[in-house]
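Before any comments, here is the structure.
Residue numbers (my numbering): 2 to 744.
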């Protein structure tokens, strides 16, 4: 009997769909298990990265089901976003909604062809009004609790996409989508106050025992908590003070210059009457055209210009020159930095460039009298305070405390905690996104749309041109409305929400995707959440994963959910490479899952992406490896479908207690069961689990050559079952077929 993978896979996929095999009840006496892969953007075609991600999740879901768990394993679509709108702009004859739905239909069929165990009854797309109604409702919860606000802000602007980008969407000064150089613009923008949850987001990282350390460290650094003191520097000849935050008050006597951000509100005041004012303003104009990322990149030269003004050291009263520099940002800290070149490498390089003095104020414990001229780099470690007046001789830690106390007692500073994390900019000047449910009335001002009027629907007839404002601003039917408060004429907000808003709560919606009374049924959410196993790329560590945690903590505070973290365990899979590089059309190294499935079968392709490398590492594509997996499945097929199949061996009576080769096979069988179970459901070492199954198959081929009189049919039967059952989560159709063939 030949292994016809096309026929077998089609047969079982059709049967599973007809029987709704993967439709899971919400309430069960079995323990729950929620397995979720990050849902895809419907680009129109699955790539091998998708294939690997979903194959990992499917093995986990199927294995847990076989162990008796009630497993929720859903799939949906992160369907808003720029590519759909760009397709409409490029082609002119296709609407983003149509483009998106066509792609969803194509990708759904591809996923079904791969035989993944999704409960398709729970499918939804974030662009459906039934979903984004509740995205808007959640925005209003933030708004009513003072966590959604609009303000003028210097924003990252992509001239090609004609929209604002969050800091996290700018990579090395360019747009992560189109690679255009990012500019700075001043616009009125909507923000979510994620900084209100900075402390919780940071502290609760310790609860995430099932998350990769690398992801937690990335979030910790992005939140960027620092304890220090805000110090006041009096500006000479003015009644103004410049506030500077520092974590090293022990270096205060080493300040030899002070730097303001180009946007700092005091810049114009300190420039008043200075002959350098014109040159400084020209410098500021040039710098402000650069993005934050460009200004702070390590590869960009640090530039500054002297303002002609001075401030005073609050303790020593020494005169300190005030500079404006490109590397200081208004949004971080206070927008002013004290320059301590002897003890900060960036300050050291700046001082060398502009010939500013270097003053050593921290001495290594085992050295004395370091000369500033002898320094080739800043001394960054702690030590003993020197050249610091009454604080000389104090160790750094004691010095920090003593200087801080002195400053506070004399009203020259105050201790505080700072965060690197900024509030989340969510405005997008594009069409294909969830409308922000706010209207503007000349009489009432900014008015939230009442819940009864949700959703605020996207109009279909709009012009898709990247003009710098949302296409919705040119759609009169959408723009003009009535004020919910006074009934007078009003205009709608025309920006749409960042698509990360939609993906920050989708895992709750899977518990009740057709729920109409709210975004979810709390009873069902309390059953399923938190997600037991979440699977996706590490590139989302400081985007989606941080935003999802923020949403969850806010929703918990509103008593809308009972869990404080969204995902108990996190697996970040590596990329799929070909010829040592990430697959991409531009490199011409893309391998289509569809083509591979047509040539080798879904079971073979699944097996390869799970066997070729541990899930957290990058996988190098190899067609020879695919062929090897195909040969293995054919070996399994021949082993079970010969006259030595399950039905034949299990019908014979057991001989005496197994000894010799029979005992060896039985021991290997039990070892295989144990290893595959642990590697698949606990350690996620899928490659070693498959290796164990392959070793058992090899042993059974050798066992088959043993004279029949020496073989124990019960040992053989148990061993064959221990090939098919552990292999079933990895290669479902072939194992189902072999199980059925053997009764």
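A virtual CB, placed ideally from N, CA and C, is assigned to each residue, including glycine.
Contact set for residue i: own chain, Cβ-Cβ below 8 Å, skip 5 residues either direction
i: residue 179; result: 159, 161 and 162
i: residue 70; result: 31, 32, 33 and 34
i: residue 528; result: 27, 28, 33 and 512
Residue of the options minimising C-alpha distance to residue i
i: residue 600; options: 591, 617, 619 and 624; result: 624
i: residue 168; options: 18, 316 and 298; result: 298
i: residue 713; options: 740, 661 and 744; result: 661
i: residue 121; options: 200, 20 and 131; result: 20
i: residue 574; options: 730, 49 and 521; result: 49
i: residue 141; options: 262, 457 and 268; result: 457
i: residue 611; options: 519, 686 and 543; result: 686
i: residue 436; options: 400, 493 and 391; result: 493
i: residue 374; options: 367, 394, 389 and 349; result: 349
i: residue 233; options: 259, 222 and 214; result: 259
i: residue 157; options: 241, 730 and 187; result: 187
i: residue 578; options: 52, 688 and 9; result: 52
i: residue 622; options: 247, 177, 633 and 606; result: 606
i: residue 697; options: 684, 725 and 715; result: 725
i: residue 475; options: 484, 464, 483 and 637; result: 464
i: residue 745; options: 46, 498, 580 and 415; result: Outside the shown range of the chain (2 to 744) lies residue 745, about which nothing can therefore be said.
i: residue 618; options: 94, 143 and 213; result: 213
i: residue 413; options: 246, 269 and 275; result: 246
i: residue 145; options: 699, 409 and 449; result: 449
i: residue 354; options: 386, 361, 304 and 398; result: 304
Same chain, Cβ closer than 6 Å to residue i, neighbours up to 5 away in sequence not counted
i: residue 38; result: 54, 55, 58 and 536
i: residue 365; result: 384
i: residue 198; result: 551 and 554
i: residue 525; result: 27, 512 and 513
i: residue 504; result: 79 and 545
i: residue 250; result: 230, 401, 404 and 405
i: residue 733; result: 116
i: residue 85; result: 97, 100, 101 and 433
i: residue 720; result: 666, 670 and 701
Limits of the unbroken alpha helix (DSSP H) element including residue i
i: residue 449; result: Residue 449 -> not in any alpha helix (DSSP H); beta strand (DSSP E) instead, spanning 446–449.
i: residue 706; result: Counting along the chain, residue 706 falls outside any alpha helix (DSSP H), and DSSP gives it neither H nor E.
i: residue 339; result: Note, residue 339: premise wrong, no alpha helix (DSSP H); beta strand (DSSP E) at 337–340.
i: residue 406; result: 397–410
i: residue 540; result: Neither: residue 540 is in no alpha helix (DSSP H) and is coded neither H nor E.
i: residue 313; result: Not the alpha helix (DSSP H): residue 313 falls in the beta strand (DSSP E), residues 305–313.
i: residue 279; result: 278–289
i: residue 629; result: 624–642
Presumed contact (8 Å Cβ cut-off) between residue i and residue j, rounded CB distance
i: residue 139; j: residue 520; result: 7 Å
i: residue 128; j: residue 98; result: 7 Å
i: residue 190; j: residue 426; result: 6 Å
i: residue 691; j: residue 608; result: 7 Å
i: residue 116; j: residue 603; result: 5 Å
i: residue 82; j: residue 433; result: 6 Å
i: residue 376; j: residue 343; result: 6 Å
i: residue 488; j: residue 430; result: Not a contact, Cβ separation roughly 29 Å.
i: residue 41; j: residue 101; result: Contact flag wrong, Cβ pair sits at about 12 Å.
i: residue 462; j: residue 205; result: That belief does not hold up - the Cβ atoms of residue 462 and residue 205 are roughly 46 Å apart, past 8 Å.
For residue i, the first and last residue of its enclosing beta strand (DSSP E)
i: residue 19; result: Unbroken run through residue 19 is the alpha helix (DSSP H), 6–20; no beta strand (DSSP E).
i: residue 227; result: 226–236
i: residue 145; result: Unbroken run through residue 145 is the alpha helix (DSSP H), 130–145; no beta strand (DSSP E).
i: residue 533; result: 532–537
i: residue 476; result: First-last for residue 476: undefined, no H or E at that position.
i: residue 414; result: 414–420
i: residue 258; result: 258–261
Beta bridge counterpart(s) of residue i as assigned by DSSP
i: residue 211; result: 570
i: residue 191; result: 151
i: residue 71; result: 33
i: residue 493; result: 440
i: residue 157; result: 166 and 185
i: residue 487; result: BP columns for residue 487 are empty, so no partner.
i: residue 246; result: 231
Close Cβ partners of residue i (< 7 Å) along its chain, the five nearest in sequence each way excluded
i: residue 211; result: 569, 570 and 571
i: residue 64; result: 681, 682 and 730
i: residue 256; result: 314, 321, 339, 340 and 341
i: residue 184; result: 158, 160, 290 and 292
i: residue 307; result: 277, 322 and 324
i: residue 62; result: 36, 72, 74 and 118
i: residue 309; result: 275, 276 and 277
Any chain C beta carbon closer than 8 Å to residue i
i: residue 627; result: Of the chains in the structure shown, none is chain C; there is only one protein chain.
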